[in-house]
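FYI, the numbering for the sequence shown is 1 to 909, going by full-length UniProt numbering. Worksheet: the structure to be examined is printed underneath.
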Amino acid sequence: MEETHMEIDDSLYSRQRYVLGDSAMHKMARSTVFISGIGGLGVEIAKNVVLAGVKEVVIHDSQPATVSDLGSQFFLRDTDVRSSTSRAEASLSRLAELNPYVTVSLSTLDLTVNSDLSPLSQYQCVILTDCDLELQKTVDRFCHSHTPPIMFISCSVRGVFSSLFCDCGPEFTVVDPTGEEPAQSFIASISQANPGVVSCQEGQLHGLVTGDHVEFREVVGMETLNGKTFPVKVVSPSQFAISCDTSGPDFTPYQHGGIARQVKVPKTLTFESLESQLRTPDCLLVDFAKMEAPSQLHTAFMALHQFSLSHDGELPRARSEADAEALVQLAKQVNSNLKLVEEVDEGVVRWLALTARGCLPPLVTVIGGFAAQEAIISLTGKFSPLQQWLYLDAVELLSGQEKLDPQTFMPRGDRYDALRICIGQEMVEKLANLRLFMVGCGAIGCEMLKNYAMLGVGRRPNGMVTITDNDLIEKSNLNRQFLFRPHHIQKPKSVVAAKSTLEINPDLCIEAQESKVHPATEDKVYNDEFFSRQDLVVNALDNVEARRYVDSRCVSNRRPLLESGTMGAKGHVQVIVPHLTESYSSQQDPPDMDVPYCTLKSFPATIEHTIQWARDKFESLYTQKPAMFNKFWSIHSNPRKALLHLTEKFIPDGMVKVTKMLDRRPPDWASCMALARVKFEKYFNHKARNLLHAFPLNTKMKDGSLFWQSPKRPPTPLDFDPTNQLHLMFVASMARLYAGVCGVAYTEQDCSPAFVTSVLLSISVPQWRPSSKRIETDVSAKKPENEDLSTDVLTLCQRQLEKRVASGDTPPELLTMAPQHFEKDDDSNGHIDFITAASNLRASMYSIEAVDRYRTKLLAGRIVPSHCYYHSHCRWTGKYRTAEGGGWASIGEPQECLPQPRSSYPRLL
1 MEETHMEIDD SLYSRQRYVL GDSAMHKMAR STVFISGIGG LGVEIAKNVV LAGVKEVVIH
61 DSQPATVSDL GSQFFLRDTD VRSSTSRAEA SLSRLAELNP YVTVSLSTLD LTVNSDLSPL
121 SQYQCVILTD CDLELQKTVD RFCHSHTPPI MFISCSVRGV FSSLFCDCGP EFTVVDPTGE
181 EPAQSFIASI SQANPGVVSC QEGQLHGLVT GDHVEFREVV GMETLNGKTF PVKVVSPSQF
241 AISCDTSGPD FTPYQHGGIA RQVKVPKTLT FESLESQLRT PDCLLVDFAK MEAPSQLHTA
301 FMALHQFSLS HDGELPRARS EADAEALVQL AKQVNSNLKL VEEVDEGVVR WLALTARGCL
361 PPLVTVIGGF AAQEAIISLT GKFSPLQQWL YLDAVELLSG QEKLDPQTFM PRGDRYDALR
421 ICIGQEMVEK LANLRLFMVG CGAIGCEMLK NYAMLGVGRR PNGMVTITDN DLIEKSNLNR
481 QFLFRPHHIQ KPKSVVAAKS TLEINPDLCI EAQESKVHPA TEDKVYNDEF FSRQDLVVNA
541 LDNVEARRYV DSRCVSNRRP LLESGTMGAK GHVQVIVPHL TESYSSQQDP PDMDVPYCTL
601 KSFPATIEHT IQWARDKFES LYTQKPAMFN KFWSIHSNPR KALLHLTEKF IPDGMVKVTK
661 MLDRRPPDWA SCMALARVKF EKYFNHKARN LLHAFPLNTK MKDGSLFWQS PKRPPTPLDF
721 DPTNQLHLMF VASMARLYAG VCGVAYTEQD CSPAFVTSVL LSISVPQWRP SSKRIETDVS
781 AKKPENEDLS TDVLTLCQRQ LEKRVASGDT PPELLTMAPQ HFEKDDDSNG HIDFITAASN
841 LRASMYSIEA VDRYRTKLLA GRIVPSHCYY HSHCRWTGKY RTAEGGGWAS IGEPQECLPQ
901 PRSSYPRLL
């Protein structure tokens, strides 16, 4: 496919870019995906693929919408059923409005085993949902043999059972198997041995696994390794061996320094066709409590296809024992040929037959999420694809159903028919009467609400879904929060989410609130009485502190809590049941390792250090100090009163700093630029000179080792260059921030490189003089909190105040500033521009590899990478541990959300 440059809309895709990377995003933007079958499963896949940002999605389905479809297909409406509109046609416009960069079109292809499949050649990925096996084999055969191969995915949900198959062709290259950031280690030693063993510096773990590759840089003494890549074998968490004999004559003894950085090496995978995989399936094991489940389900689904083939495409009738027995016999015949299991699990096959005409919406969601994930992987080569089968089930839901009247599972001609076949009318009514409180309406919250709509949770007269979120919708939300559209931007998330959910299922009773759940609302809004009315509380939050607070409220009120979260390609679900499981706060994440103060201030070793330094500078210069300035003058009113305090030997907090700020306050745009230019000299030239003056390059420690050795990196003073775009970017962005703080007006022309350069040529900067300040080198030392109140400093402060008083009364507007609060997602405010320029200049000064703006934004903004289909995964399987310490178990969502007394909860083993 022809490589062309494509601009990525960072305001929409920012969170996804951090998961996939720009190369994968560009590959997607050139890809077209074909999806056949736009029932609940097909529309879930299409929704996720459209949100991801492929070039085009072509949907194919001629079946008319039915009442039963409304229970899983969230883009169908009652009017579509009444008009017998095809499912694809009814979904077309609703899918198209999800992403303005993706074309969604309709295909009328006659797709049968005897069709001409050449029209499929235009697609890079073909996905079939809930279709017969013969057609799957025919289409896969075409895709597998095509040049280049077309990625093929087929999947289905039958009752509480599901299957997913992937075929990426005879040879498929995975560019990045894990998607994790490359590990990097500072080296303490490298042995002269065969193989050579690398030891990390004290307290550092390398984070590698055997088979990874590393590249060496900046090694002193064994320079032959520099620039070369080697596979590794893990020796210990802090040591690894490289496939290299470092004892030979080409390798001089290691002296010091060096960085080992992981290199992602592409790998090629081989996929078999569907026809081959039917006989010898490679199944992913997802539940270690059901070791035989994948083979049993493969056998059962093969039998189900045979049953359908011999019954004119019909599935076993709901709760028909005769059909169930027939399927069991077919499964035994299949197994006698394939011999996949020692003995067919008749119970599993029977349940498949009894529920096959039903559909469990959360299972549709998760399989749709997985299928979309595999489509994106197959198009981009990012992450390892599924090889080649996935089977999931929720058979635990069916426990005890054999005692119930089969009539309670029979269809009644409403949107809950497919669900009723799976769980029965009694359970459907329990879901309808559920009172549920969900905190947060972001990406996970939107997926939750969709599932509640499909399940009929919280319907009138007794049920209620209460949701709250105090955030407004932003453009970056639209990439993964599918209940929101562009015209919803800057509207309350909870209000819009409730309205969009009611469009999916008008039966629900939803109350949208905008209050934050925290101690301030504990007495009047979310008090004990409120929590006692809820049957279930659901966390859909994005920070640990809020999660812990909601968890504590649920513990004190003995309410079950469903907790979930995602970060990049990872996700978790935890079910918390009073008196049975541990709570969310029972375990703590390992504390983040604080970077030593001296490292940030004087001895950065990684780009993370320089970005944190720039972020700290922003907070200090433009947020904390202006806020302190305002507070000081609100108390002391004017310089005359402050001077009086000083002459009386009373020194108010912050006096020295605010006096200096008042004295140096820029009155106009040129002064803002002059101040920024001086800061450049201070940060990137004088700082380096002072360090090298205090610690020359040949400085040695008491033990005779060099002071400047890894991880310490000697700085190089930077000379300002008006032709260097990074230098100009720093001055212009810093000047803009000073102007914002001090209320100085400027125009867009004032920020242009030509104008900034012309002004800077006339600015003189102070010459460097060695500083007498002590440079901290102790890694355990903390940042000093007290002001420097030496005699010289106080004398200068007094002179500045006397000068200000002598010039007359100070206007009130000069005694106020406008603190700038860091906002990463507003590209017009210059915040990320400043941090990118400051960080990369500091990196250049210390010979650290610079990073681009969007990587800086990720780290400085502490952005949690996110992708639309990962939130679907978190809707299905949760793992939780019993209070008695009994291990882990997995359960499905409908089972999670039913209020029951403690005695009715299953004991977990």
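Just so it is clear, CB atoms sit at the ideal spot from N, CA and C, and this is done for glycine as well.
Separation of the CB atoms of L269 and V175 is rounded to 12 Å, and the pair is thereby denied contact status at 8 Å. C-alpha of D345 to C-alpha of Y854: approximately 53 Å in a straight line. When Cβ pairs closer than 8 Å are counted between the two stretches, the segment 624 to 642 is seen not to touch the segment 705 to 714, the count staying below three. C-alpha of L434 to C-alpha of G456: approximately 9 Å in a straight line. P604 and Q204 have their C-alpha atoms some 16 Å from each other. Distances from the CA of S91 to each of A52, K47, N114, T129 were compared; the closest alpha carbon is that of K47. A direct Cα-Cα distance of roughly 10 Å separates Q262 from V209. Rounded to whole angstroms, the separation of the alpha carbons of S564 and S780 is 36 Å.
DSSP, reduced to helix, strand and coil, places V328 within a helical segment of the structure shown.
Residue pairing from DSSP leaves I763 without any beta-bridge partner.
Beta-bridge partners of C446 (DSSP): none assigned. Within the model, the alpha-carbon separation for M673 versus R665 is close to 12 Å. Of the other Cβ atoms in all chains shown, 16 or more fall within 10 Å of the Cβ of M448; this residue is therefore buried.
Three or more Cβ pairs closer than 8 Å define a contact, and the segment 121 to 133 falls short of that threshold against the segment 500 to 512. Only residues of its own chain outside the window of five on either side were considered, and among them D417 have a CB closer than 6 Å to the CB of P411, listed in chain order.
Looking at the DSSP output, R217 bridges to I259. By the CB criterion at 8 Å, P361 and M454 fall inside the cutoff.
In the same chain as P100, and ignoring 5 residues on each side of it, no C-beta atom comes closer than 6 Å to its own. Around the C-beta of A29, 16 or more other C-beta atoms lie within 10 Å, and the residue is accordingly described as buried. By the neighbour-count criterion, in which a residue is buried when 16 or more other Cβ atoms sit within 10 angstroms of its Cβ, A193 is exposed. The beta carbon of V678 is closer than 6 Å to those of V765 in its chain, skipping five residues each way along the sequence. Apart from sequence neighbours up to five positions away, the residues of its chain that approach E681 with a beta-carbon distance below 6 Å are V765, ordered along the chain.
Scanning its chain for C-beta atoms nearer than 8 Å, with the 5 sequence neighbours on each side dropped, one finds around S710 the residues F186, I187, Q201, E218, H256, G257, G258, I259, A605, in chain order.
In this structure, Q490 and W389 do not form a Cβ contact; the two beta carbons are roughly 45 Å apart against a cut-off of 8 Å.
Q588 and N557 have their C-alpha atoms some 22 Å from each other. When the five nearest sequence neighbours on each side are left out, the beta carbons in the same chain lying within less than 6 Å of the beta carbon of Y622 are those of L737, V741, Q820, in order along the chain.
In its chain, beyond the 5 residues on either side, F437, C554, R559, L561 have a beta carbon closer than 6 Å to the beta carbon of V537. Using a Cβ distance threshold of 8 Å, T355 and V160 count as a contacting pair. By the CB criterion at 8 Å, M628 and K657 fall inside the cutoff. In the same chain as P626, and ignoring 5 residues on each side of it, the C-beta atoms closer than 6 Å to its own belong to V741, M817, P819, in chain order.
Its Cα nearest to that of F271, the residue P385 stands out among A241, P385, D312, P486. For the set I59, G424, F720, the Cα lying nearest the Cα of S86 is the one of I59. The count of Cβ pairs closer than 8 Å, one atom from the segment 35 to 45 and one from the segment 57 to 75, reaches three, so the stretches are in contact. Taking every protein chain shown into account, the CB of M567 has fewer than 16 other CB atoms within 10 angstroms, so this residue is exposed. Below 8 Å, too few C-beta pairs join the segment 323 to 342 and the segment 361 to 379 to call them touching: fewer than three. By the C-beta density criterion, T723 is exposed, having fewer than 16 other C-beta atoms within 10 angstroms.
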